[in-house]
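Structure (structure tokens):
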């Protein structure tokens with residue numbers, strides 16, 4: 001017994017205690033992180049859902065390359081055409097398209113101001129000073145372009161705004177931009193898709209247009 | 001990394017909506033990981049229109065079986081057991097993550113039966129909630145549609161191929177099939193031509209085109225194949241009006257807009273016996289044949305021979321049925337189906 005007590009080597013009991021302590025710490029830390037994350041998500045959602053001042057129902061489209069001329073773009077405008085038809089009677093929808101690529105060269109940069117009426121198709125956000133050069137005014141020529149290219153006529157009364165993400169293109173990474181360069185087509189053929197694949201190899205597989 | 005990139009981009013995009021946070025987030029680009037941002041962080045309802053799954057069970061089984069070297073599996077990867085296992089583990093993990101984020105959708109619309117089957121098995125929770133439906137994509141039907149007279153008139157003995165010069169389009173199989181057709185029926189040489197219309201978007205595609213031209217030269221088909229590269233759509237329409245047979249060789253194409261265009265132009269279309277063409281497009285119309293299916297060079301050669309030697313009355317019937325059958329892929333049909341789905345879902349009002 002005396003030998004056991006004087007040994008420098010930890011006993012089974014002390015190892016167990018140490019491991020239990022480590023385990024408890026890991027559990028505590030994980031629980032705290034999960035709680036903090038959940039709280040952050042709830043607060044984040046609450047901020048945007050309850051802070052929503054729009055009188056219309058906002059329908060957003062995530063379409064980084066809305067002018068590539070591909071089949072994916074055709075689907076985008078075909079869906080907007082349907083929404084335009086639904087909106088014609090009650091005028092309750094607002095379309096927002098997030099794009100990296102400007103929908104046409106004639107687009108002008110927009111400014112966010114509180115006093116602008118919704119008819120100007122600008123997003124109303126006084127706190128968005130940093131986005132002054134990032135939003136784009138909707139001008140009717142894009143509808144002409146869509147009609148010419150896809151033979152789709154979209155209701156002119158539909159409220160459409162583009163949000164230009166030109167300064168965020170780097171988030172997509174070079175592979176997606178490379179993919180974009182592949183699908184940025186001339187008028188020779190229709191493509192059926194736009195895809196953000198997860199590797200460059202699968203990107204090749206995915207671009208089955 | 002790219003998925004992470006799309007998530008960050010979507011986050012920035014939604015942040016910029018400021019006080020007009022979207023109620024509904026619609027994705028038509030296949031960026032599934034953006035659903036996590038839109039739904040979890042911003043509380044948006046998500047609608048997805050899926051052209052094809054980012055990862056499919058076919059891809060997983062192909063890696064596992066390592067049976068063929070494809071455009072997605074370079075030779076050294078396919079031949080290495082370790083890289084195969086690593087790739088398989090990575091793909092499986094990605095498939096689980098993809099299935100989880102996909103299940104966040106409130107409404108999922110897919111473009112074909114093939115895509116439906118894959119998405120239904122991958123986005124398991126969305127499948128359980130029965131929110132996945134097929135809505136065929138809007139295709140350019142009216143501009144290429146011909147009349148009954150167009151079906152009856154004499155067309156040139158041209159086999160038309162439409163598609164970018166990408167590896168998955170398998171243009172080699174088309175050239176092999178033509179060579180085999182001439183080998184089996186030498187009298188057709190000089191009489192039948194193949195026209196390959198497509199786009200080249202970079203050095204890789206150019207290199208592939210050169211390889212195809214060399215292949216045609218090697219097989220003594222130089223005078224029988226015309227390469228029509230990066231031409232405007234009017235040229236495609238011109239060929240669609242002149243050719244009598246259309247060929248499509250891509251394995252497991254998710255839908256096949258090119259096949260629809262050829263059928264709507266009244267061509268006797270020979271499509272690959274897989275994917276969307278097999279399950280949705282080249283299917284009987286009112287019990288009558290609308291085209292031919294093949295998967296091997298021999299099959300394509302036989303189908304081409306059948307198409308060129310077919311009785312005129314039978315050919316007319318097939319062209320007419322093909323033309324009429326593809327009207328279900330028109331803009332009007334898409335409009336009607338999508339409107340029904342979105343109104344039934346109640347996402348625009350709730």
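Protein chains in written order, with our numbering: chain A, 1 to 209; chain B, 1 to 350.
All C-beta atoms, glycine included, are put in the ideal place defined by N, C-alpha and C.
Query, Result
"To which residues of the same chain is residue 14(B) closer than 6 angstroms at the C-beta, ignoring the five residues directly before and after it?", "42"
"I want to verify the contact list: residues of chain A whose CB lies under 9 angstroms from the CB of residue 379(B), in sequence order.", "Only positions 1 to 350 of chain B appear in the structure, and residue 379(B) is not among them; the question remains open."
"Whose Cβ in chain A lies nearer than 9 angstroms to the Cβ of residue 342(B)?", "79, 82, 83, 86"
"Against chain A, which members of the segment 110-122 of chain B pass a CB distance test of less than 7 angstroms?", "none"
"Tell me whether the beta-carbon of residue 91(A) lies closer than 9 angstroms to the beta-carbon of residue 19(B).", "no"
"Determine the DSSP secondary structure at residue 291(B), reduced to helix, strand or coil.", "coil"
"For residue 221(B), verify whether its CB is less than 8 angstroms away from any heavy atom of the ligand ADP.", "The ligand ADP is not part of the structure shown, which contains no ligands of any sort."
"Between residue 262(B) and residue 162(B), how many whole angstroms is the CB-CB distance? I'm expecting something under 8 angstroms.", "7 angstroms"
"Looking at the secondary structure, which residues open and close the alpha helix (DSSP H) in which residue 57(A) lies?", "Counting along the chain, residue 57(A) falls outside any alpha helix (DSSP H), though it belongs to the beta strand (DSSP E) covering 57-62."
"Ordered along the chain, which non-local residues of its own chain (more than five positions away) have a Cβ less than 6 angstroms from that of residue 81(A)?", "152, 154"
"Please state whether DSSP places residue 214(B) in a helix, a strand or coil.", "helix"
"Residue 56(B) to residue 104(B), Cα distance in whole Å?", "19 angstroms"
"For a contact meaning CB atoms closer than 8 angstroms, what does residue 10(B) contact in chain A?", "62, 98"
"Using a Cβ cut-off of 8 angstroms, which residues of the segment 42-54 of chain A contact any Cβ in chain B, in chain order?", "44, 45, 48, 49, 51, 52, 53, 54"
"According to DSSP, which residues form a beta bridge with residue 162(B)?", "197(B)"
"To which residues does DSSP link residue 247(B) through a beta bridge?", "161(B), 270(B)"
"Can you list the residues of chain A that residue 49(B) reaches, using a CB-CB cut of under 8 angstroms?", "75, 79"
"So if DSSP puts residue 322(B) in a beta bridge, which residue, or which two residues, is it bridged to?", "The partner list for residue 322(B) (beta bridge, DSSP) is empty, contrary to what the question assumes."
"Check whether the Cβ atoms of residue 89(B) and residue 107(B) lie closer than 9 angstroms to each other.", "no"
"List the residues of chain B that residue 165(A) touches, going by C-beta distances under 9 angstroms, in chain order.", "9, 12, 13, 16"
"To which residues of the same chain is residue 121(B) closer than 8 angstroms at the C-beta, ignoring the five residues directly before and after it?", "57, 127"
"Could you tell me the alpha carbon to alpha carbon distance between residue 253(B) and residue 96(B), rounded to whole angstroms?", "23 angstroms"
"With the cut-off set at 9 angstroms, would you say residue 314(B) and residue 281(B) are in Cβ contact?", "no"
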